[in-house]
Amino acid sequence: MFKNIKNDLPASIVVFFVALPLCLGIALASGAPLFSGLIAGIVGGIIVGALSGSQIGVSGPAAGLAAIVLTAIGALGGYENFLVAVVLGGVIQLVFGALKAGIIGYYFPSSVIKGMLTGIGIIIILKQIPHFFGYDSDPEGDFSFFQIDGENTFTEIINAINFISPGATVIAVIGLAILLLWDKILSKQGKIFQIIQGPLVAVVVGILYYVLTSSSEALSISKDHLVSVPIPDDFTSFLGQFSFPNFGVITRPEIWVTAFTIALVASLETLLCVEATDKIDPEKRVTPTNRELLAQGTGNIISGMIGGLPVTQVIVRSSANIQSGGKTKMSAIIHGFLLLISVILIPRLLNMIPLSVLASILLIVGYKLAKPKLFKTMYLLGWKQFVPFMVTVLGIVFIDLLWGIGLGLLVGIVVILIKSYQNSHFLHIEDKSNGQHSIKMTLAEEVTFFNKGAILKELDQLPMDTHLTLDVRKTRYLDNDIIEILDDFSEKAKNKNINIKLISESGIAENPQSYIEFINLRTK
7 MFKNIKNDLP
17 ASIVVFFVAL
27 PLCLGIALAS
37 GAPLFSGLIA
47 GIVGGIIVGA
57 LSGSQIGVSG
67 PAAGLAAIVL
77 TAIGALGGYE
87 NFLVAVVLGG
97 VIQLVFGALK
107 AGIIGYYFPS
117 SVIKGMLTGI
127 GIIIILKQIP
137 HFFGYDSDPE
147 GDFSFFQIDG
157 ENTFTEIINA
167 INFISPGATV
177 IAVIGLAILL
187 LWDKILSKQG
197 KIFQIIQGPL
207 VAVVVGILYY
217 VLTSSSEALS
227 ISKDHLVSVP
237 IPDDFTSFLG
247 QFSFPNFGVI
257 TRPEIWVTAF
267 TIALVASLET
277 LLCVEATDKI
287 DPEKRVTPTN
297 RELLAQGTGN
307 IISGMIGGLP
317 VTQVIVRSSA
327 NIQSGGKTKM
337 SAIIHGFLLL
347 ISVILIPRLL
357 NMIPLSVLAS
367 ILLIVGYKLA
377 KPKLFKTMYL
387 LGWKQFVPFM
397 VTVLGIVFID
407 LLWGIGLGLL
417 VGIVVILIKS
427 YQNSHFLHIE
437 DKSNGQHSIK
447 MTLAEEVTFF
457 NKGAILKELD
467 QLPMDTHLTL
477 DVRKTRYLDN
487 DIIEILDDFS
497 EKAKNKNINI
507 KLISESGIAE
517 NPQSYIEFIN
527 LRTK
């Protein structure tokens, strides 16, 4: 694990700077204590990172759960009651892992996964534009189109243009210039520029800028445009930031409903993120999904026990890890320790970091996820790939992550049904001599009830006095619905003077009275 420390340590610092505002912002968007987001980030990094089988995935509080958490805290009567649901949700995830439910993640089409990555990239860019210009009315981590501040993604950008903060914008531009210079030029000039990452330099310059311009009326940055980590007065007040679950409400049905909702949504987001990060992993490693559910379940139990938000594997931090050269799970674990150490030892220093500088870092992350050439690549793959891809992207941008993925998956299923309809059989017109049509229909290897419409249409279109050869020798699964169609058609065939020759593994039959007697197929 330590042989790649020269890659993992710099990557962990970048992930730390990405995770810090997101942990705080998601807690704020969830209506939870700010410290609860940091707890979830620390647990996600250290605990889940250690237990996970993913080498490059990073876990922490997820934007996709913010709306659920916000609603649940109010409905359950307080944060301590909600924590019981978080713990139980973790237990349910352990059950999911034991039942090997992780395989669900493999049933999402590649086009939807690529759409998810691209959609998240676009939404990161759109959401960071206001922060880049020093307009911070909507917290970091609010990725839904309709925001908690009453605006939407696009009206927020328009408002930002009307309320530009000069100081925040200046340092954001400087930070972005540093990042581009590091990425395009300096990183290729020597190992020192690979060890010291551009985001670290940008943040240090941001802190120096804040200190040096604090007396300037025009270029200074006000405190509401800085990171806001809770600062305890002493050790007792630090411990007072932890909350503990009220297990006295464990028998309430709504607690269990919320727990199951958290477990289901967190597991789904995790599995989708695992699939996505495996796709963009340069080494193409495969994450064991059932082990990931066990790791996430353990993380949620621990996070809930000490007052943290629910955790999932999250694509923004995971992609930042990959883009920064992270090689093993050590980068995720170290980022967790960096969060822990920094909130204990240097919270005041963290609170000097301009949010606009962190926005510039996230803009680069977003762009690398949503490069324009990917749209061209998906378009050239054909409509069956492009349409689910675009539906997923638009759903994420205009609604939220889960809706976007759900709509993309729905369209992907429709595409499968259309292709299944088209590919249920092969139809060959062999001979039209003597005024008689001779047609051969060869059924595909697997024919299910999805293919009923296509087969019915072709059979109904057969003209009078046709000789039909029906070949099912290559078919390994034939749904009972299809056999019933064939049985029903045998009656219609008599009225239209259609002669049927059935060729199956059982032999050849002319105008069989019952097709099931002659079709001897394996029903795998």
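So the sequence shown is numbered by the numbering used here: it starts at 7 and just counts up by one. Don't be surprised by glycine CBs; every beta carbon is placed ideally from N, CA and C. Here the structure is a predicted model, which is why all the values come from computation and not from measurement.
Spell out whether any CB of chain C is found under 8 Å from the CB atom of Ala68. Judged by its chain identifiers, the structure shown contains no chain C, having just a single protein chain.
Outcome for Phe455 when other beta-carbon atoms lying within 10 angstroms are tallied against a minimum of 16: exposed
Is Lys463 near the ligand NAD, in the sense that its beta carbon is under 7 Å from a heavy atom of that ligand? As presented, the structure is devoid of all ligands, the ligand NAD included, so that no description of it is given.
Classification of Asn87 by the beta-carbon crowding that lies within 10 angstroms, buried from 16 upward: buried
Contacts around Phe102, its chain only, beta-carbon distance under 8 Å, and the 5 residues preceding and following it disregarded: Gly108, Ala269, Ser273, Leu299, Gly303
Counting pairs of Cβ atoms below 8 Å between the region 7-20 and the region 134-142, do you hit three or more? no
Am I right that Pro360 and His231 are in contact with their C-beta atoms under 8 Å? What's the rounded C-beta distance? 6 Å
Using a Cβ distance threshold of 8 Å, determine whether the region 339-355 contacts the region 153-171, with at least three qualifying pairs required. no
Contacts around Pro394, its chain only, beta-carbon distance under 7 Å, and the 5 residues preceding and following it disregarded: Pro115, Ser117, Val118, Gly121, Gly414, Val417, Gly418, Val421
Can you tell me which of the three DSSP states Leu474 falls into? strand
Enumerate, from N- to C-terminal direction, the unbroken alpha helix (DSSP H) stretches of 4 or more residues contained entirely within the region 203-287. 204-218, 241-245, 259-286
Apart from the five residues on each side of it in sequence, which residues of its chain come closer than 6 Å, Cβ to Cβ, to Pro16? Ile201, Gln203
Between which residues of its own chain and Leu408 is the CB-CB distance below 6 Å, once the five residues before and five after are set aside? Gly70
Short Cβ contact (8 Å threshold) for Ile370 with Leu185: yes
Glu452, DSSP secondary structure in three states: strand
What separation, rounded to the nearest whole angstrom, lies between the Cα atoms of Arg528 and Ala515? Confidence in Arg528 is poor, its pLDDT being 39 and thus under 50, which makes the residue's placement unreliable; the coordinate value appears in the next sentence. Their Cα atoms are separated by approximately 19 Å.
Span separating the alpha-carbon of Glu157 from that of Asp144: 8 Å
For Ser520, collect the residues of the same chain with a Cβ closer than 8 Å to its Cβ; drop the 5 residues on either side in sequence, then sort them by chain order. Asp493
Determine the DSSP secondary structure at Lys507, reduced to helix, strand or coil. strand
Would a C-beta distance cut-off of 8 Å place Tyr215 and Ile177 closer than the cut-off? yes
Measure the alpha-carbon distance for Ser36 versus Ile256 and round it to whole angstroms. 22 Å
Would you list, in sequence order, the uninterrupted alpha helix (DSSP H) runs of no fewer than 4 residues that lie entirely inside the region 57-114? 72-81, 85-104
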